[in-house]
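Heads up: take any position in the sequence shown, counting from 1, add 499, and you land on my numbering. Ideal Cβ placement from N, Cα and C applies to all residues, glycine included.
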Amino acid sequence: LYHLGQHGQAIALIDDACRRGAPGIFWAMRASIHGHTNRDPAHTLRVYQDWGRRFADPLTRKAKPLVVKDRNPHKRLKVGYVTADFRNHSVAFFMHPVLRHHNPEAVEVHVYSSGLHDVFTEKIQQSVPHWHEVAGLSDEALCERIRMDGIDVLVDLSGHTTNHRLLAFARRAAPVQVTWIGYALPLGMKAMDYRLIDHNVAPLGHEKYYSETLFRLA
500 LYHLGQHGQA IALIDDACRR GAPGIFWAMR ASIHGHTNRD PAHTLRVYQD
550 WGRRFADPLT RKAKPLVVKD RNPHKRLKVG YVTADFRNHS VAFFMHPVLR
600 HHNPEAVEVH VYSSGLHDVF TEKIQQSVPH WHEVAGLSDE ALCERIRMDG
650 IDVLVDLSGH TTNHRLLAFA RRAAPVQVTW IGYALPLGMK AMDYRLIDHN
700 VAPLGHEKYY SETLFRLA
């Protein structure tokens, strides 16, 4: 119904499903449908926070304490990217030059991939010194793996899209957790600290419409 343009009926059906106790994927679908049909950004934030309160934030409250062993501010940072889209996909096209131009003296790059492979995946892998296939790991196991790797800054590149790993972030996998280009709408979860963005997407005054602190790159 949503894709046929019958948005009112789609909203009524998804709202009813969630009232009946639907699982998390339905609540995320509800947030997406509301967020893409309602022009009120405050309403969009509320429906994403509905998902976060039910499925992400409880995991954050119950998470084991994260122990950061090396707090040297001058150390080489370990940056991890979490995605299912490093393939023939717009996220991969955007990120490829970013990965190629990281300074290896300042940053140790890790990729945690949950997606399919193609020829473009192989091109990206050539720019990534530490590539981890994690599709077979549960969100809890992925969180533990990232903690063991000692990642300092963990970057989500999926948001609420297919094969995302937001519930690993909810368990506090890294000291600093950031979401970037994979999803334009707020994620609605407390464990995602920052959103990388610019003034064109979120002008001054729009901070109140996001669940993440906005870190503007331009």
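Is the CB-CB distance between residue i and residue j below 8 angstroms?
{"i": "Leu716", "j": "Leu686", "result": "no"}
{"i": "Thr536", "j": "Ile513", "result": "no"}
{"i": "Val610", "j": "His631", "result": "yes"}
{"i": "Lys568", "j": "Glu607", "result": "no"}
{"i": "Trp679", "j": "Val654", "result": "yes"}
I believe residue i touches residue j by the beta-carbon criterion, under 8 angstroms. Please report the beta-carbon distance rounded to the nearest angstrom.
{"i": "Met710", "j": "Gly534", "result": "Looking at the sequence itself, residue 710 is Ser, so the reference to Met does not match. Ser710 to Gly534, Cβ: 12 angstroms. No contact."}
{"i": "Thr582", "j": "Gly614", "result": "7 angstroms"}
{"i": "Lys682", "j": "Gly658", "result": "One point to set straight first is that residue 682 is Tyr, not Lys, in the sequence displayed. So it is a contact: roughly 2 angstroms between Cβ atoms."}
{"i": "Ala562", "j": "Arg670", "result": "5 angstroms"}
Residue range of the beta strand (DSSP E) that residue i falls in?
{"i": "Leu713", "result": "712-715"}
{"i": "Thr655", "result": "The amino acid occupying residue 655 in the given sequence is Asp; Thr does not appear at that position. 652-655 is the extent of the beta strand (DSSP E) around Asp655."}
{"i": "Val578", "result": "576-582"}
{"i": "Tyr693", "result": "693-696"}
{"i": "Tyr709", "result": "Note, Tyr709: premise wrong, no beta strand (DSSP E); not H, not E."}
{"i": "Thr543", "result": "Careful: Thr543 lies outside any beta strand (DSSP E), inside the alpha helix (DSSP H) at 540-550."}
{"i": "Glu607", "result": "606-612"}
Using C-beta distances below 8 angstroms, list every residue in its chain close to residue i, excluding the 5 sequence neighbours before and after it, in chain order.
{"i": "Ala667", "result": "Val581, Asp638, Glu639, Leu641, Cys642, Ile645"}
{"i": "His616", "result": "Arg586"}
{"i": "Gly649", "result": "Lys568, Asp569, Lys577"}
In its own chain, which residues sit with a C-beta less than 6 angstroms from the C-beta of residue i, not counting the 5 before and 5 after it?
{"i": "Gln508", "result": "Leu500"}
{"i": "Val546", "result": "Ala530, His533"}
What first and last residue would you give for the alpha helix (DSSP H) that runs through residue i?
{"i": "Thr559", "result": "556-561"}
Exercise. Three or more beta-carbon pairs under 8 angstroms between the stretch 598-605 and the stretch 620-632, yes or no?
Worked result: Three or more Cβ pairs drawn from the stretch 598-605 and the stretch 620-632 lie within less than 8 angstroms of each other, which places the two stretches in contact.
message: Quick check: the stretch 697-706 against the stretch 545-565, are at least 3 beta-carbon pairs closer than 8 angstroms?
response: Proximity of the stretch 545-565 to the stretch 697-706 falls short of the contact definition, fewer than three beta-carbon pairs being nearer than 8 angstroms.
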